[in-house]
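Q:
There are 2 protein chains.
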Amino acid sequence: MYSFTEENYLKTIFYLSIGTQEGVSTNALADSTNTRAASVSDMLKRLAEKGLINYQKYRGVTLTEEGERLALLVIRKHRLWEVFLAEKLQFGWDEVHVIAEELEHIRSERLIEKLDAFLGYPKFDPHGDPIPNAAGEMPRFIYRKLSEIVEGTTVIMTGVSEHSPAFLQHLDKAGLTLGCQLKVNEISDFDKSVSVLIDNVRTLFVSHEVAKNLLVK
Amino acid sequence: MYSFTEENYLKTIFYLSIGTQEGVSTNALADSTNTRAASVSDMLKRLAEKGLINYQKYRGVTLTEEGERLALLVIRKHRLWEVFLAEKLQFGWDEVHVIAEELEHIRSERLIEKLDAFLGYPKFDPHGDPIPNAAGEMPRFIYRKLSEIVEGTTVIMTGVSEHSPAFLQHLDKAGLTLGCQLKVNEISDFDKSVSVLIDNVRTLFVSHEVAKNLLVK
DNA sequence: TAATTTTTTTAGATTAGTCTAAATTTTTTA
DNA sequence: TAAAAAATTTAGACTAATCTAAAAAAATTA
Ligand SMILES: [Mn+2]
Ligand SMILES: [Mn+2]
Ligand SMILES: [Mn+2]
Ligand SMILES: [Mn+2]
């Protein structure tokens, strides 16, 4: 049985490892976990001891197979709880993350399997992120950013790469929700903002900053 | 914000205080929390410091108004989660307690209010125990034990005073569920076991040990 | 490549919550 | 009511997780 803290480190290492072969640095971990590098060094020793990470001093860390499996099980729980909060309790997608941050550490396999069934075996969380299965396996979808779509193309909004409440609330106000159809009319030469036609009914100007964080297919 | 441990102590003091004016003893707390008396003494000092208990060395403890309010809020969360687990996730009443023991510490007022609404504002948990309101107030019902009911009387099963999985599973096997009608036919002179007519359809012999732990009205 | 800067680790403390063993207080018993 | 027993508290230690400051290693720069 691992502590909340250990589970959070594993999850953080997992996220920081995405899209890179190199090990995750001590400083990056300290940033993400809101601790100091010294504390991270300490914890890395313990996680290595337990066989959850590959760690050589000064070289950064990667997850072992077991470490990755555990990280994905925590992510599974996090995302399933987010679905529960959004779909059953009517929380906004900007509110679910902080609560799931606590719920993800509840230790009961039966609970999570029953929750999964209760929710109808969802494949994605409220932000469009895929939900790992009970074995700790997760499909990897590769989506493009709206900012990379060429003029004239029509796409579907499938996710976000920024999860802050502020960003998500901004999307709410703009009426941008998962699954909506976006036709890229024009990309401004001046500020790279994107003019999109939403669900064939209305036109919206999306800043480059926002477009960069919208995932589409 | 109080720690899981502090919340558990408050809850335990609350339960051990039921039906007595005297303070709860250090040893009783050590028993209930699976710790040693020395650890309890330490914790009592800290809880007194924070104004949650009335404590004088060697004299036992009682909850302050604030301590009791907090204890009841934890109990509220515990019981609401138990209802969720039993009604929505189909857990047996013998399984919900251990899981609720973890869920009761999730800190989000909005979460618990929304959960309450989702569950339809239940008044009782799966064991027949009343659910405190958001202000930390709980109605106190006084039920009798089946073992105290005189022959010929008909009652309704409203709760249990023993919550162990073994006992609850025993009731399941016997077909004794909350709300069933029990007519006391005869109480044995030999072993005080009770012969009851259940829902007017079948007769069952209930040991004194079981009858003592069945609450009826 | 040698000096400087940055990153990381080690050393030494701190806090919450726990423990055992010893001391103290209260309660019970004779 | 004094001795014995039981209950409780104190003393001193331990672990997990954290910190700051200092030392060491790696990376960058001149
Ligand atoms: Mn999240
Ligand atoms: Mn977490
Ligand atoms: Mn319970
Ligand atoms: Mn608890």
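Top line first, the protein sequences correspond to chains A and B. Using full-length UniProt numbering, the first residue of the first sequence is number 1, and each one after it goes up by one. Using full-length UniProt numbering, the first residue of the second sequence is number 1, and each one after it goes up by one. Glycine included, C-beta positions come from ideal geometry on N, C-alpha and C.
#1: So which residues touch the region around ligand 2, with touch meaning a C-beta under 5 Å from any heavy atom?
#2: Measuring straight from C-alpha to C-alpha, what distance separates A:H97 and A:E82?
#3: By the DSSP assignment, the alpha helix (DSSP H) with A:F205 in it spans what residues?
#4: Output the distance between the C-alpha atoms of A:E95 and A:P165, rounded to the nearest integer angstrom.
#5: What does B:S108 touch in chain A if you count any residue whose Cβ is under 7 Å from its own?
#6: Residues in its own chain within less than 7 Å of A:F141 by CB, not counting five upstream and five downstream?
#7: Looking only at its chain, what residues have a beta carbon closer than 8 Å to the beta carbon of residue 261 of chain A, apart from the 5 residues adjacent to it on each side?
#8: Hey, would you say A:K217 sits closer than 8 Å to A:V150, going by beta carbons?
#9: Strictly below 7 Å CB to CB, what residues from chain A border B:K88?
#10: In the DSSP output, which residue or residues are listed as bridge partners for B:Q181?
#11: So that I know if they touch, is there some Cβ in chain A lying closer than 8 Å to that of B:E102?
#12: Just verifying my parser: in three-state terms, what is the DSSP assignment at B:P165?
#13: How is the beta strand (DSSP E) around A:T62 delimited, first residue to last?
#14: Just checking: is the beta-carbon of B:L73 within a distance shorter than 8 Å of some beta-carbon in chain A?
#15: Excluding sequence positions up to five away, which residues of its chain have a Cβ less than 7 Å from the Cβ of B:G23?
#16: Which residue's Cα is closest to the Cα of A:Q56: A:L214, A:T26 and A:T33?
#17: For a contact meaning CB atoms closer than 8 Å, what does A:L80 contact in chain B?
#18: Does the beta carbon of A:H78 fall short of 7 Å from some heavy atom of ligand 3?
#19: Does the Cβ of B:E209 lie closer than 7 Å to at least one heavy atom of ligand 3?
#20: Taking 7 Å as the cut-off, is the CB of A:E148 close to at least one heavy atom of ligand 4?
#21: Which of the three DSSP states, helix, strand or coil, is assigned to B:Y55?
#22: Rank B:S32, B:Y9, B:D42 and B:F124 by C-alpha distance to the C-alpha of B:L70 and give the top, closest one.
#23: So does B:H170 have its beta carbon nearer than 7 Å to some heavy atom of ligand 1?
A: Working from what's here:
#1: Here the list is A:N8 and A:E101.
#2: In the first sequence, residue 97 of chain A corresponds to position 97, counting from 1. In the first sequence, residue 82 of chain A corresponds to position 82, counting from 1. One C-alpha to the other measures close to 7 Å.
#3: Mapped onto the first sequence, residue 205 of chain A falls at position 205. Membership of A:F205 in any alpha helix (DSSP H) is not indicated; the residue belongs instead to the beta strand (DSSP E) covering R202 to V206.
#4: Locating residue 95 of chain A in the first sequence gives position 95, counting from the first residue. Locating residue 165 of chain A in the first sequence gives position 165, counting from the first residue. CA-to-CA, the gap between A:E95 and A:P165 works out to about 7 Å.
#5: Reading the second sequence from its first residue, position 108 is the one you call residue 108 of chain B. Here the neighbours are I99.
#6: Translated into positions along the first sequence, residue 141 of chain A becomes position 141. Sequence-distant partners of A:F141 (beyond 5 residues in either direction) whose C-beta falls short of 7 Å from its own C-beta, in its chain, are P130.
#7: It is not possible to answer for residue 261 of chain A, since the shown part of chain A is limited to 1 through 217.
#8: Residue mapping note: residue 217 of chain A aligns to position 217 of the first sequence, counting from 1. Residue mapping note: residue 150 of chain A aligns to position 150 of the first sequence, counting from 1. In this structure, A:V150 does not lie closer than 8 Å to A:K217 by Cβ.
#9: Your numbering for residue 88 of chain B matches position 88 in the second sequence. The contacting residues are F118.
#10: Along the second sequence, one-based indexing puts residue 181 of chain B at 181. Residue pairing from DSSP places B:Q181 in a beta bridge opposite B:I156.
#11: Locating residue 102 of chain B in the second sequence gives position 102, where the first residue counts as 1. So, interface residue.
#12: As a working note, residue 165 of chain B is residue 165 in the second sequence. Of the three classes helix, strand and coil, the one that applies to B:P165 here is helix, per DSSP.
#13: Position 62 of the first sequence, counted from the first residue, corresponds to residue 62 of chain A. Looking at the DSSP string, the run of the beta strand (DSSP E) that includes A:T62 is V61 to L63.
#14: Along the second sequence, one-based indexing puts residue 73 of chain B at 73. No - not a single Cβ of chain A is within 8 Å of the one on B:L73.
#15: As a position in the second sequence, residue 23 of chain B is number 23, starting the count at 1. Here the set comprises R59, G60, V61 and T62.
#16: The sequence position of residue 56 of chain A within the first sequence is 56, counting from 1. For A:Q56, the nearest C-alpha among the options comes from A:T26.
#17: Here residue 80 of chain A is taken as the residue at index 80 of the first sequence, counted from 1. Within 8 Å Cβ-Cβ: nothing; A:L80 doesn't reach chain B, min ~12 Å.
#18: Taking the first sequence and counting its residues from 1, the one referred to as residue 78 of chain A is at position 78. No.
#19: Indexing the second sequence from 1 puts residue 209 of chain B at position 209. Checking the Cβ of B:E209 against ligand 3 gives no.
#20: Indexing the first sequence from 1 puts residue 148 of chain A at position 148. It does not: the Cβ of A:E148 is nowhere closer than 7 Å to a heavy atom of ligand 4.
#21: The residue you call residue 55 of chain B lines up with position 55 of the second sequence. DSSP places B:Y55 in strand when its eight states are reduced to three.
#22: Translated into positions along the second sequence, residue 70 of chain B becomes position 70. Out of B:S32, B:Y9, B:D42 and B:F124, B:Y9 has the C-alpha closest to the C-alpha of B:L70.
#23: Here residue 170 of chain B corresponds to residue number 170 of the second sequence, with the count starting at 1. Flag unset: Cβ of B:H170 not near ligand 1.
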